[in-house]
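Enquirer:
Numbering (my numbering), first residue to last: 8 to 211.
1. Does the region 32 to 46 come close enough to the region 113 to 125 that 3 or more CB-CB pairs lie under 8 Å?
2. Does the distance from the CB of residue 197 to the CB of residue 89 come in under 8 Å?
3. In the DSSP output, what is residue 25 paired with across the bridge?
4. Restricting to runs no shorter than 4 residues, where is the alpha helix (DSSP H) found entirely within the region 125 to 187?
5. Would you call the region 57 to 77 and the region 90 to 100 touching, i.e. three or more CB-CB distances under 8 Å?
6. Please report the straight-line C-alpha distance between residue 176 and residue 86, rounded to a whole angstrom.
7. In chain order, what residues of the same chain have a beta carbon less than 7 Å from the beta carbon of residue 123, not counting five sequence neighbours either side?
8. What residues match up with residue 39 in a beta bridge as DSSP calls it?
9. Evaluate residue 15 with the Cβ neighbour count: other Cβ atoms within 10 Å of its Cβ, from every protein chain shown; 16 or more gives buried, anything less gives exposed.
10. So what does DSSP say about residue 67, is it helix, strand or coil?
11. Output the boundary residues of the alpha helix (DSSP H) element that contains residue 117.
12. Rounded to whole angstroms, what is the Cα-Cα separation between residue 184 and residue 178?
13. What is the DSSP secondary structure of residue 193, reduced to helix, strand or coil?
14. Please name the residue, chosen from 203, 190, 155, that lies closest to residue 181 on a Cα-to-Cα basis.
Written out as structure tokens, the structure is:
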């Protein structure tokens, strides 16, 4: 008999609204916790290595938080922790969240009529058995020209400051300007469904 994920408590180690939405769409009940890590202190050569290292660091931070908050009973019940990270790659350069509005504006101008990629990781840890496995997914995104007034509206809203590379393809202002997505939108938004589902099945 295949293990059923519904008999497990799931913790999503992220404050991302998009990730919460995707995991809920997949039919899972879960709680959320955030990892307080200094993401800038973790550097790797490739985007794939970076997103995996960041997901590991987030998972480790949450596990140590669980242990210190005396949540041993949470660990004794079968608990699965999902950690994830996403970066944008533009012309071979890794981009994380823009540090200010000026940078967000520049990022969006760069994408106009060009293309960028997202690299997203998912790391699943079974806190009871110690099983841990992760993977990553890459999506290529091609844009039409993005008018300056659209860029200004997005920057003023501030939404672009909360996402890797200031890239937010599901936003109603940007969606019509996306020419092509090679891969899945859920992966761009921060949680590739197929990869997450596969890892969860293995973890239970």
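Each residue gets a CB set at the ideal place from its N, CA and C atoms; glycine is no exception.
Expert: The answer reads as follows:
1. no
2. As a working mapping, residue 197 is identified with position 190 in the chain shown. As a working mapping, residue 89 is identified with position 82 in the chain shown. No, the pair does not count as a contact, with Cβ atoms beyond the cut-off.
3. Along the chain shown, one-based indexing puts residue 25 at 18. Residue 25 pairs with nothing; no bridge assigned.
4. 155 to 164
5. yes
6. Working through the chain shown from its first residue, we reach residue 176 at position 169. Working through the chain shown from its first residue, we reach residue 86 at position 79. Answer to the nearest angstrom: the Cα atoms are 32 Å apart.
7. Taking the chain shown and counting its residues from 1, one reaches residue 123 at position 116. Once the five neighbours on either side are set aside, the close Cβ partners of residue 123 are 95, 96, 97, 148, 172, 174.
8. By one-based count along the chain shown, residue 39 stands at place 32. BP columns for residue 39 point to 19.
9. Locating residue 15 in the chain shown gives position 8, counting from the first residue. Its Cβ being crowded by 16 or more others within 10 Å, residue 15 is buried.
10. Working through the chain shown from its first residue, we reach residue 67 at position 60. DSSP places residue 67 in helix when its eight states are reduced to three.
11. Your numbering for residue 117 matches position 110 in the chain shown. 108 to 118 is the extent of the alpha helix (DSSP H) around residue 117.
12. Here residue 184 is taken as the residue at index 177 of the chain shown, counted from 1. Here residue 178 is taken as the residue at index 171 of the chain shown, counted from 1. Rounded to the nearest angstrom, the two C-alpha atoms are 10 Å apart.
13. Taking the chain shown and counting its residues from 1, one reaches residue 193 at position 186. Residue 193 falls in the helix class under three-state DSSP.
14. Here residue 181 refers to the residue found at position 174 of the chain shown. Residue 181 has its Cα closest to that of 155, out of 203, 190, 155.
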